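Participant: Residue numbers (the numbering used here): 1 to 74.
Ideal placement from N, C-alpha and C gives every residue a C-beta, glycine not left out.
The model shown is predicted, which means the values in this text are computed figures rather than measured ones.
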């Protein structure tokens, strides 16, 4: 399970999913209008407490949240 926290100006929104694209799909469903305001995304993995990444939103959107990137194995 992945936990993705979207850092917006003055607030953050957190979503969980079996995959990173699944968590992103929930964010877009609920907050599509705010996607342009996201600056960074923090990615954590519940099964690995040492796993933590913070990436810019364009990198997250285009690489990690795109199920076709890297064979969809993220």
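Under three-state DSSP, which class holds residue 17?
Facilitator: In the structure shown, residue 17 sits in a strand (DSSP, three-state: E or B).
Participant: Going by beta carbon distance, what residues of the same chain come within less than 7 Å of residue 35, once the five residues before and after it are set aside?
Facilitator: Cβ within range, chain order: 28.
Participant: Within its chain, find whatever has a CB closer than 8 Å to the CB of residue 1; leave out the 5 residues flanking it on each side and keep chain order.
Facilitator: 16, 17, 18, 45, 46 and 47, listed in sequence order.
Participant: Near residue 37, which residues of its chain fall below 8 Å by C-beta distance, leaving aside the five closest residues on each side in sequence?
Facilitator: 8 and 9, listed in sequence order.
Participant: Whose C-alpha, out of 13, 20 and 12, is nearest the C-alpha of residue 66?
Facilitator: The candidate whose alpha carbon is nearest that of residue 66 is 20.
Participant: Could you tell me the distance, in whole angstroms, from the CA atom of residue 57 to the CA atom of residue 11?
Facilitator: Cα to Cα, the separation comes out at about 15 Å.
Participant: Among 4, 22 and 5, which one has its Cα closest to the Cα of residue 68?
Facilitator: Nearest option by C-alpha distance: 22.
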